[in-house]
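Take a look at the structure set out below.
Residue numbers (the numbering used here): 5 to 294.
Encoded structure:
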């Protein structure tokens, strides 16, 4: 089902089956990872990509897998994870309670920054995503055009206002847990735990193939605690034992790999000074996203 869409356009993505009815979709652009969880009455899409065109590609890929009604969960308000939501019209959109406000406050700046980034990449003929994309200069320019025309859809189902709070979402025959582990990559991170499958979608609290991205809205000293909580969630008695942790970018992680990243974050937190002090690690070049 991957590679070529019914409309003849090349598909930027491939599905990975993580468990029965639980899939991750790996995208070339920004090395992004989205998710799909199937119940008997609904399908949960986790993150929607970075513009309306990318969202439409994801929506078409989802429809190639299932005809179930769609529910959306956003892990946070960075453009690459949420600007594609308009491609899922009518779908309830769940996010942590602070996500809508953060998106409303930052969407214009994110769009302007990344439209400029892709236009610059297009004019030089380089890839559009700091080497993590196969995009040519022409496709980077097309991405800039799509992003400039995108109006983000705000989430309409705020959940999990308090750290460690859980919202249970019934997909029919499968309960999915939406969890706010506290401030980390942002102040409004949301992770998606599928207890019966042993899979946890961590958003950008975890990364694979790049260091954690400390942006201006990150909580350097708290991030490790948030990851520690999601590791605890994955080990809870109600779970089968989380076998797969899905990062916001890169391939899925094993429990040992997730724990190693937690240890790394603990070292960073201990080395950090007071809140706002520099962390002794170079942030990602994509510090407004990822």
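Ideal Cβ placement from N, Cα and C applies to all residues, glycine included.
Since the structure is predicted, the reported quantities are computational estimates derived from the model, not experimental observations.
Delimiting residues of the alpha helix (DSSP H) encompassing residue i
i, result
"residue 37", "Residue 37 -> not in any alpha helix (DSSP H); beta strand (DSSP E) instead, spanning 37–42."
"residue 229", "227–238"
"residue 266", "259–275"
"residue 59", "56–69"
Candidates the options: closest to residue i by CA position
i, options, result
"residue 162", "155, 69, 154 and 171", "171"
"residue 197", "233, 224 and 111", "233"
"residue 38", "223, 252 and 194", "252"
"residue 229", "214, 167 and 175", "167"
"residue 261", "219, 213 and 63", "213"
"residue 26", "266, 249, 272 and 274", "249"
"residue 150", "271, 49, 55 and 275", "55"
"residue 53", "67, 87 and 269", "87"
"residue 145", "120, 224, 254 and 32", "120"
"residue 97", "63, 157 and 195", "157"
"residue 50", "32, 95 and 16", "95"
Close-in-space but distant-in-sequence residues of the same chain around residue i (CB under 7 Å, 5 per side omitted)
i, result
"residue 177", "43 and 44"
"residue 181", "170, 172, 197 and 199"
"residue 187", "223, 226 and 230"
Residue range of the beta strand (DSSP E) that includes residue i
i, result
"residue 169", "169–174"
"residue 251", "248–251"
"residue 254", "That residue, residue 254, is in no beta strand (DSSP E); it is neither H nor E in DSSP."
"residue 48", "47–50"
"residue 22", "18–23"
"residue 343", "Outside the shown range of the chain (5 to 294) lies residue 343, about which nothing can therefore be said."
Neighbourhood of residue i by C-beta distance below 6 Å, restricted to the same chain and skipping five residues each side
i, result
"residue 169", "184"
"residue 1", "As shown, the chain starts at 5 and ends at 294. That puts residue 1 outside it, with no answer to give."
Close-in-space but distant-in-sequence residues of the same chain around residue i (CB under 8 Å, 5 per side omitted)
i, result
"residue 21", "27"
"residue 24", "201"
"residue 265", "210, 211, 216, 231 and 257"
"residue 175", "41, 42, 43, 44, 45, 46, 47, 48 and 75"
Given 8 Å, three or more beta-carbon pairs between the segment 73–88 and the segment 96–111: Yes, they touch.
Three CB pairs or more closer than 8 Å across the segment 66–76 and the segment 198–211: no
Ranges of the beta strand (DSSP E) found wholly within the segment 75–102, counting only runs of at least 3: Counting only runs of 3 or more, we get 97–100.
Any 3 or more C-beta pairs closer than 8 Å across the segment 58–65 and the segment 89–97: Yes: the two stretches touch, three or more of their Cβ pairs being nearer than 8 Å.
Uninterrupted beta strand (DSSP E) stretches inside the segment 145–211 (no shorter than 3 residues): Annotation note: the segment 145–211 contains the following uninterrupted beta strand (DSSP E) runs of length 3 or greater, listed N- to C-terminal: 161–163, 169–174, 179–184, 195–198 and 203–207.
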